[in-house]
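Remarks on the structure that follows.
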Amino acid sequence: MPLGTIALLLAASFSLGALPLTGWAVRVFTRRDLRALGTGNVGVSAAFIHGGKLAGIVAVLAEIARGILPVLAGRFCFPDAPAIAIALLIPLVAGRYAIARGGGVTNAVWGLLVFSPPVAVSSGIWGLLVWGLAQRWWGEGDRARLFASRCGCLCTPIWVLVWRQSMPEFLAAAGLALLLAAINFTQGDDMALSKSEQLFSLDDSLDAAICGDKAAKLSQLKRAGFNVPSGWILSSKEEGRRKKEEGRGKKEEGRKNEENPALLLISNSVIQILKSKIQNRMIVRSSAAGEDGDTSSAAGQYQTIGPVFTEAELLDAINRCRQSYWTSEAVAYRRQRQLPDTQMAVLIQPYIDSEFAGVMFSRNPLDGGSQVIIEALPGGAEAVVRGQCTPVHLEIDFNKAESLEKTLTELQSNSIIAKFLLAELVKQAQAIEAFFHGIPQDIEWSWDGEKVWILQSRPITNLQPFWTRTIAAEVIPGAIRPLTWSINRPLTCGVWGEIFQVVLGDHASNLNFNETATLLGSHAYFNATLLGEIFRMMGLPEQGLEFLLRGQKMGKPPLGKILPSLPGLWRLVQRERALNAEFKGDRTSIFLPALQSLEKEEGSSATSTVQDVTDVTDVRPMEVGRGKKEEGRGSSEEEILMPNAECPIPNYQYLTELLERAEQIQEWLKPITYYNILGPIGLAIRKAIFRVSDEWLGNDSAPEIASVRALQQLAQKLRQSAVSQSDKTVSVADLAQTFAETPALQADFEKWLDIYGYLSEVGTDIAVPTWREQPEIYQKLLITMAQKAETNLVEKREIKLTFSQKWRLDKCQERALVKNEISEIYARLLAHLRWSFLEIEAYGLAMQVFQESGDIFYLKFGEIQQWIRSGASVSFKDTITERRDRLVADRDRPIPPVVYGNLLPNSQTRAIELATSETNIIQGIPASIGRVEGFVKICRTASTDLGENAIAVVPYTDAGWGPLLLGATAIIAEVGGQLSHGAIIAREYKIPAVMNIAEATTRLRDGQKVRVDGYLGTVELLE
0 MPLGTIALLL
10 AASFSLGALP
20 LTGWAVRVFT
30 RRDLRALGTG
40 NVGVSAAFIH
50 GGKLAGIVAV
60 LAEIARGILP
70 VLAGRFCFPD
80 APAIAIALLI
90 PLVAGRYAIA
100 RGGGVTNAVW
110 GLLVFSPPVA
120 VSSGIWGLLV
130 WGLAQRWWGE
140 GDRARLFASR
150 CGCLCTPIWV
160 LVWRQSMPEF
170 LAAAGLALLL
180 AAINFTQGDD
190 MALSKSEQLF
200 SLDDSLDAAI
210 CGDKAAKLSQ
220 LKRAGFNVPS
230 GWILSSKEEG
240 RRKKEEGRGK
250 KEEGRKNEEN
260 PALLLISNSV
270 IQILKSKIQN
280 RMIVRSSAAG
290 EDGDTSSAAG
300 QYQTIGPVFT
310 EAELLDAINR
320 CRQSYWTSEA
330 VAYRRQRQLP
340 DTQMAVLIQP
350 YIDSEFAGVM
360 FSRNPLDGGS
370 QVIIEALPGG
380 AEAVVRGQCT
390 PVHLEIDFNK
400 AESLEKTLTE
410 LQSNSIIAKF
420 LLAELVKQAQ
430 AIEAFFHGIP
440 QDIEWSWDGE
450 KVWILQSRPI
460 TNLQPFWTRT
470 IAAEVIPGAI
480 RPLTWSINRP
490 LTCGVWGEIF
500 QVVLGDHASN
510 LNFNETATLL
520 GSHAYFNATL
530 LGEIFRMMGL
540 PEQGLEFLLR
550 GQKMGKPPLG
560 KILPSLPGLW
570 RLVQRERALN
580 AEFKGDRTSI
590 FLPALQSLEK
600 EEGSSATSTV
610 QDVTDVTDVR
620 PMEVGRGKKE
630 EGRGSSEEEI
640 LMPNAECPIP
650 NYQYLTELLE
660 RAEQIQEWLK
670 PITYYNILGP
680 IGLAIRKAIF
690 RVSDEWLGND
700 SAPEIASVRA
710 LQQLAQKLRQ
720 SAVSQSDKTV
730 SVADLAQTFA
740 ETPALQADFE
750 KWLDIYGYLS
760 EVGTDIAVPT
770 WREQPEIYQK
780 LLITMAQKAE
790 TNLVEKREIK
800 LTFSQKWRLD
810 KCQERALVKN
820 EISEIYARLL
830 AHLRWSFLEI
840 EAYGLAMQVF
850 QESGDIFYLK
860 FGEIQQWIRS
870 GASVSFKDTI
880 TERRDRLVAD
890 RDRPIPPVVY
900 GNLLPNSQTR
910 AIELATSETN
920 IIQGIPASIG
930 RVEGFVKICR
940 TASTDLGENA
950 IAVVPYTDAG
960 WGPLLLGATA
970 IIAEVGGQLS
980 HGAIIAREYK
990 IPAVMNIAEA
1000 TTRLRDGQKV
1010 RVDGYLGTVE
1020 LLE
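Residues in the sequence shown are numbered consecutively from 0, following numbering that gives the first Met the number 0.
Written as C-alpha cells, this is what we have:
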C-alpha cells in the first residue's frame, strides 16, 4: 500500500475540510460573516438561520459534495482497502472544525451514504428512534435533539460492523464517530440559539424579528463605532419555552392577555451568566418586535426596570418587562396600529450613572425642519421620556454652518448644558441620521461626565412619509398649477405603478401607487418612503433610500436578496426589449392618427397657433389653429391668430366637445407616458451595460438640439442677407429691418414655428406657453443670434470607433432615436391639450366664469368637468385668487430637496454663506467641461434677455430652454444632472455647465462675478 498516496489523500482531505465553503455561500448571498453571528459556528444550520433559505441550500449542496469527494477518492485509489475511504473523512471533519469552524456532520452523513447506504440509513433510523424516546423522557426541546444526534454518531461503528463485518472499517468509523461526538459537545448550537434561552450580544448582527427593533438598531450603531453600552438580549422566542403539558393546553380567546410570570421559565444559568457579564447595577429594557420600528414607536407602552442589583431582582425585572407586553394599553396600541401580537425580547445593559440625560431629535419633529431639538435634565433620561418634569428645551439650527457656533454660545448662556456637550450632541444626531440613510431619528442619550452614550435610536414616526425632489425636479420642475398637477399626477403614478407591478407581481398588491407623488409648496415630490419600500422588495441595497434623500450613489445589491425579484426583473427586461416594436406599432395605429385628427379639429394640417394667454384682452372665444398663411403677410404679429370678430352665444354643446377632446388626449397620453418613462430608463440601462459614452450617441434628432440648429441656420441666412445690403457693421436695427422686409425669411421663421412651436420652457407643464404662442420672443432671439458674429454652426465631430464600439453603440442608438420620437409625440399631445384648455378658457371668459387669462390653470380637471357637464352658472373667482396667491408665495420660498411628513418646514432665508467661507466654492454636479469667469444673469424664464457674455443661472432646464442657453457663456442650474436637457445642450455646444446648485437663483445675484468649473462641478464666488 503506497504510504505516499495515503499521506497525500489525508492532507488533501484536511485541506478540503478547511475551505470555508459555507461561510463563502452566506457571504455571497447576504454579505454576512457567520463567524460573527450567533454561536460563531460556520455550519449548515447557521447558514439557514443567519443566511436564509437560499444560502442554506447552497451550503448544504457544497457540504454534500465535500463529504462525497474523499470517499470517492479513497474507493478509486484503494478499491481493496475500503476502510481508507472512511478514514479520509476524519481529517476532512478535523479541518472543517479546526479551520472552517463547522461541525462536519453533513459531510460525514453523505460520505457514509456513498460508502454504504445501509450503514447510513440504519444510523439515521436509530437516531430517530432515540429522539422519539428522548422526547418522551425530557419533552420536546433541544436536549432531546442533541442527545439523539450524538447517539446517531456513536452507533455508526456498530452498524458498520453489522453490515460490513470488517474490523478496519469499524475502527475507522469509531474514530470518525468519536471525533463528531467530541465536536458536538464542544461546539455551539445555532439551531438551539435561535429558539432557546441562550443570549445574544449587541456586538452581534441581530435579527429584528428575534431580538426586536430596539436591540437590532443599537447593535448596528455599536458595531458602527457609536458609543452604545454593551448589552445582552433574551430573544422573544425564549418566552414560548414551557413544559409540554403547560404549553399545549386549550386555546382560549384572549389567553395571551392572561400570561402568568410563573410560566416564563428562565434558567438560573442564564441569570448567573447575565450577572457575571454585568457586575454592577443593571437596567432591563423591552425590545419587542415592532417597537422602535419605521412606522410605530410603541413609546411608553412597555416597561423599563432599573437599577437592578441582585439575581432575584433581575429575574423579577425580566418577567415584569415581558408581562408589560400584554397589558391592556399595550394590546390596544397594537390593535390601533394594526401590529400583530408576537413576543417580547428583553435587553439587559449596565446602568449608566448620568450627569445629564435626555432625548434629541435629529430634525424638528413638527415639520422636519433643520433644527436639532434637545431636551435634557440632570440625572437619567427616564424623567425626560416620561414627561414628568419640564426639561431644558433647546433648538439648534444646523442649516447655517457659520451661525452654528454663535447659536451654541447663546444657548450655553441660557442653559445648564455646556457648549461642548451641545456641539457633541448635534454632531451625534447628524451622524446617526446619516448612518440610517437620512431617516430622522428620535435618540435617547446620556452623558456620564466623560462620554455621550446612545441608549436608543428610532425613526421619528410622524415625519413620514418622506418626500424627495430627486427625479421629480427633472420630471416636472418649478411651481406647478393645479390643472397641470391634476393631469400629470394620475399619469405619472399610473405608469410607475404599472412598471413596479410588472417587477413585484403579487407583492405589489398592498402598495398604493396613487401615493407615488404629491404637491408640496406647489412643487412636485416623489414618495421616498414608498419607493424605498419598493427598492427593498426588489432586493436593492439600503442605500436606495439614501439615493432618494441625499443623492448618494446606490451600492450593489447582494445577490441573495435580488434573486427572488429576478422573474419580475426579467418580465421588465422583456417589456423593455419589446418597447421599440410596440412603440412603432402604437405610433402608426394610435399616435399619428391622433395628432392628425387634432390638427384637423383645430383647423389646419400644420401645427397650431394660439394667442398667448397673458396677452388676451378680448373675452371672445379664440379660433384655435394655424390656418394657411395669407399672401403678403409682412409681420410676425399677424401670425398670432386673434379672437373672432363676432362672439357667439356660449355653447355648452361645443364646450362639451372641447372637454371630450381634452379627455381623449389624456387617454392618448397614458400609453405615450409609459413609453416616455420606460424609454429613458431602458436607454440608461443599455448605456451602462454596453458602456456607451454620451459623445457616441447622436443627439441631432432631439427636439432641444434640432430646434436650436434650425434657428442657427435661419440666423445665418438673416445675417448674410443683412450684410449683403450694407457695408457697415450690422446692427440689431438693421437685422430687424431686413427681417421685416424679407418675406422669405418670415416664411422660414414661420416654418420653424410650425415645426417646433409645440415646445415650451417646461415640456411637462401645460400651464406654460408654447413657443408658437409667443413668436415675438423667438423673433427677437433670432435677431440677437444673427447679430453675433460667432453664430456659425458647430459642425458635428466625427468620432472614430472600433468594431466593438460600433457594435455596442448599435445596441443603444436605435433606442436613443426612438426616445426622441417618444419625447416629440408626448410634447405635441401636451401642447394640443393646452390649446384645448385655452379654447375652453376663452368661452369661460365670455361667460364670466373666469376673470382673466390663465385662470383655467388654477382649477383642477375634475372641477372643469363638473362645471361644463353641469351647465350651471358658476364663478371660480375666490378659488382662483386663493390658489394664485399661494402659487406666487410658493415661487419665492426656498423649496427643500426633502420634506419629512406632509408639511413644508417653516421657510427660513438661506444666505450665500452656504459656500465655504474660506474658498467661497459651491459644489454641484459637473455637467459639461470647461472653465469660465463671468457675470451672473438670473433667468427665471426662458424669455429672459440674457445680454452679452452672461453666465445663465436657471431654476431648471427643459427642451424649451435651448435657445436661451445657447447664448450663455456658462450654465448654472438649481436642479438636474448629467443627463438633463441643459447638460445635453451644454456638452453639444461646449458650454461649461454645473447642475444641482441648490437655490442658485436666490443665492446668487445679477451681475455677481463667479468662476464656473464644469469639470470639477464647482461655482466659485469672486465677489
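Cβ atoms here follow ideal geometry from the backbone N, Cα and C, with glycine treated the same way.
Distance, residue j Cα to residue i Cα
i	j	result
residue 238	residue 204	Residue placement at residue 238 is poorly supported in this model, since its pLDDT is 42, which falls under 50; the coordinates are not used for a value here.
residue 213	residue 536	22 Å
residue 440	residue 24	34 Å
residue 947	residue 957	22 Å
residue 812	residue 568	23 Å
residue 170	residue 156	7 Å
residue 424	residue 219	19 Å
residue 267	residue 300	28 Å
residue 755	residue 848	32 Å
residue 473	residue 521	15 Å
residue 660	residue 835	7 Å
residue 68	residue 579	51 Å
residue 288	residue 116	45 Å
residue 276	residue 222	19 Å
residue 975	residue 783	27 Å
residue 672	residue 593	15 Å
Chain-order list of residues whose beta-carbon lies under 6 Å from that of residue i (same chain, five-residue window excluded)
i	result
residue 633	Because the pLDDT at residue 633 is just 35, under 50, the model does not fix this residue reliably, and the value given afterwards should be weighed accordingly. If we look at residue 633 and ignore the five residues flanking it on each side, it has no Cβ neighbours.
residue 1003	935, 952
residue 225	453
residue 83	73, 77
residue 1023	Here the chain covers residues 0 to 1022 and nothing more, so residue 1023 does not appear.
residue 246	Bear in mind that a pLDDT of 37 at residue 246, under 50, signals an unreliable position, so the model cannot answer this.
Nearest to residue i (by Cα), restricted to the options the options
i	options	result
residue 422	435, 937, 441, 394	394
residue 886	778, 92, 1001, 523	523
residue 696	1008, 809, 340	809
residue 438	877, 64, 803, 369	369
residue 91	662, 14, 967, 453	14
residue 841	19, 852, 198, 104	852
residue 704	223, 738, 518, 758	758
residue 398	974, 895, 1013	895
residue 837	1001, 881, 654, 787	654
residue 1016	982, 177, 1006, 579	982
residue 657	217, 290, 462, 601	601
residue 503	466, 571, 161, 876	571
residue 433	415, 358, 458	458
residue 6	21, 87, 81	87
residue 352	431, 378, 691	378
residue 529	595, 718, 713, 464	464
residue 822	722, 674, 806, 939	674
residue 184	1021, 104, 892, 135	104
residue 162	149, 127, 111	111
Inter-residue CB distance, residue i and residue j (contact presumed, cutoff 8 Å)
i	j	result
residue 970	residue 996	Residue 970 to residue 996, Cβ: 10 Å. No contact.
residue 525	residue 475	No, residue 525 and residue 475 are not in contact; Cβ-Cβ is about 10 Å, not under 8 Å.
residue 130	residue 147	3 Å
residue 50	residue 29	5 Å
residue 201	residue 265	About 20 Å; that fails the 8 Å criterion.
residue 833	residue 765	4 Å
7 Å Cβ shell around residue i - same chain, five flanking residues per side excluded
i	result
residue 19	41, 99
residue 967	945, 949, 950, 951, 990
- [ ] Starting from the N-terminal side, write out each stretch of the alpha helix (DSSP H) that is 4 residues or longer and does not extend beyond the region 292–365.
- [x] 310–322, 327–335
Open item on the list: Report the start-end ranges of each beta strand (DSSP E) in the region 847–900 that is 3 residues or longer and not cut off at the edges.
Closed with: Counting whole runs of 3 or more residues, the region 847–900 contains the beta strand (DSSP E) stretches 897–899.
Open item on the list: Suppose only complete runs of 3+ residues qualify. What are the beta strand (DSSP E) ranges in the region 158–225, listed by chain order?
Closed with: You should have 198–200.
Task: Length at least 4, wholly inside the region 970–1017: the alpha helix (DSSP H) runs in chain order - done: The region 970–1017 is shown to contain whole alpha helix (DSSP H) runs of 4 or more residues at 980–987, 999–1002, in chain order.
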